[in-house]
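Input: a single structure, listed below in structure tokens.
Numbering (my numbering), first residue to last: 16 to 157.
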């Protein structure tokens, strides 16, 4: 899978999650979602600091549960991912920098998918009338 194919798949899922929760965002003044991924509680506007319950964590769990990691990682990396999810479910995966294809996986794929997906969520929330320009400025102005 190419980074653009992965991003397209992830952003489609994120779009569906946003659409299903727009009314609760307005009612509760919170961007909390409870999709059927990972530990099922994420805040779409948590994009800085800890990954726990963050948008990046949701993206990570989407990639795991939709088989994206399985398609792009080698056997050792996928085993490391599975162990990481079991031991630290609130984290996000990064390959070992000693892996032969570390730069391709980390920089060409993961960094691209995360950046584009976070940017997409910021744009989609703004499109729905939410004032999140400051929160997502690092992504929207890049």
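For glycine and all other residues, C-beta sits at the position ideal for the given N, C-alpha and C.
* Where do the ends of the alpha helix (DSSP H) carrying residue 129 lie? -> As a position in the chain shown, residue 129 is number 114, starting the count at 1. In this chain, the alpha helix (DSSP H) harbouring residue 129 covers 126–142.
* Asked: With respect to the alpha helix (DSSP H) encompassing residue 92, which residues constitute its N-terminal and C-terminal limits?
  -> As a working note, residue 92 is residue 77 in the chain shown. First-last of the alpha helix (DSSP H) with residue 92: 90–102.
* **Strand pairing of residue 47, partner residues [DSSP]** => Position 32 of the chain shown holds residue 47. Per the DSSP secondary-structure output, residue 47 pairs in a beta bridge with 58.
* Can you tell me the Cα-Cα spacing of residue 149 and residue 157, whole angstroms? -> Translated into the one-based positions of the chain shown, residue 149 becomes position 134. Translated into the one-based positions of the chain shown, residue 157 becomes position 142. Near 13 Å, if we compare the C-alpha coordinates of residue 157 and residue 149.
* Looking at C-alpha atoms only, which residue of 142, 136, 129 is the closest neighbour of residue 19? -> As a first step, residue 19 is located in the chain shown; it is residue number 4 there, counting from the start. Minimum Cα distance to residue 19 is reached at 129.
* Continuous alpha helix (DSSP H) stretch holding residue 86: start and end -> As a working mapping, residue 86 is identified with position 71 in the chain shown. Per DSSP, residue 86 belongs to the alpha helix (DSSP H) from 83–87.
* To do: In angstroms with no decimal places, state the Cα-to-Cα distance between residue 121 and residue 23.
  => By 1-based counting over the chain shown, the position of residue 121 is 106. By 1-based counting over the chain shown, the position of residue 23 is 8. Roughly 18 Å separates the two Cα atoms.
* **CB of residue 77 within 8 Å of CB of residue 52, strictly** => Position 62 of the chain shown, counted from the first residue, corresponds to residue 77. Position 37 of the chain shown, counted from the first residue, corresponds to residue 52. In this structure, the beta-carbon distance from residue 77 to residue 52 falls below 8 Å.
* Starting from the Cα of residue 133, find the closest Cα among 16, 17, 27 and give me that residue. => Within the chain shown, residue 133 is the residue found at index 118, counting from 1. The shortest Cα separation from residue 133 among 16, 17, 27 belongs to 27.
* With a threshold of 16 other CB atoms inside 10 Å of the CB of residue 139, please say whether the residue is buried or exposed. => Locating residue 139 in the chain shown gives position 124, counting from the first residue. The residue in question, residue 139, is buried, as its Cβ has 16 or more Cβ neighbours within 10 Å.
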